[in-house]
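To start, the structure under review is shown below, and the notes come after it.
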Ligand SMILES: Nc1ncnc2c1ncn2[C@@H]1O[C@H](COP(=O)(O)OP(=O)(O)OP(=O)(O)O)[C@@H](O)[C@H]1O
Ligand SMILES: [Mg+2]
């Protein structure tokens, strides 16, 4: 049973119907040679909300992020970022849109030969509009945000896995993106370090109002993002009101990819109470 039959695009969230979604995929398909990776994929992420993208290894999660960034082009379908279709855009036309998106790639992917400072400054230099003093100010600011200002001079090889992941987040947020894409940000980290990453993701979302798309294999982390909100006062995560209740928290939606398609798209409650055998197995 394909649940997408009953849950078409824009079926969720009043915000999605009223304003352009931060990200919207409409009937996106992509094959590599004769291998179909994505087929008729549709879902959207409303502004300020969280979308958790789940699926077994090889189900196309990273490919989807590359499509959203315009690094890959779909065979068919539309990929809208803030209402603008990225598929027909050329590389130079993608620049302004890409600046509004921050990405933390799977494995963190820092430049090993550059210091932490240079890694974070990298994208700020791209435009060539900022002075060195402005760049340094911003680099310090974002490193302070991820609580790593003291590592400015270090090389990535001198950092722990969790610290590298936080530097990757600092680098991604340096250009003040409105949309953050995280590819398996807690993979390979111990639970305590993974928690610090979850706190950062929630902090950006709840304090910065950043629309958030997270790919994860760790359901526990996904549920943390759905169930908790960042409190500036407490400087920690606090339980968030349930979906739909009036409160400070924006909604979290889940997408489960399976065999190239969207097998499920909905809230945590709809996911966890769903009788569908594939979902039951996936969640167990
Ligand atoms: N550039 C490419 N050329 C050919 N095939 C590719 C390319 N990129 C990805 N694929 C294939 O597309 C499929 C989806 O890959 P993708 O990396 O998106 O999986 P994933 O869901 O991110 O998996 P994981 O959870 O292991 O990270 C895989 O079968 C992969 O081999
Ligand atoms: Mg991947």
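In the working numbering, the protein residues as written are 1218 to 1501. Backbone N, C-alpha and C fix where the C-beta goes; we use that ideal spot for every residue, glycine too. Computed from a prediction, not measured in an experiment: that's the story for all the values here.
- With a cut-off of 8 Å on Cβ pairs, the stretch 1285–1303 is not in contact with the stretch 1367–1380, counting fewer than three such pairs.
- Approximately 11 Å separates the beta-carbon atoms of residue 1403 and residue 1383; this is outside 8 Å, ruling out the contact.
- For residue 1453, the pairing in a beta bridge is given by DSSP as 1448.
- Taking 4 residues as the shortest admissible run, the stretch 1470–1499 contains the following complete alpha helix (DSSP H) segments, listed from N- to C-terminal end: 1485–1489.
- If one requires a minimum length of 3 residues, the beta strand (DSSP E) runs lying completely within the stretch 1343–1402 are 1396–1400, in chain order.
- At least one heavy atom of ligand 2 lies closer than 7 Å to the C-beta of residue 1278.
- Remark: the shortest separation between the CB of residue 1287 and any heavy atom of ligand 1 does not fall under 7 Å.
- By DSSP's assignment, residue 1274 forms no beta bridge with any residue.
- Check the Cα spacing between residue 1238 and each of 1430, 1306, 1450 and 1264: the tightest is with 1264.
- In the three-state scheme derived from DSSP, where H, G and I count as helix and E and B as strand, residue 1254 is classed as strand.
- Cβ-Cβ separation between residue 1292 and residue 1247: approximately 5 Å, consistent with a contact (criterion under 8 Å).
- Its Cα nearest to that of residue 1319, the residue 1393 stands out among 1393, 1273, 1355 and 1454.
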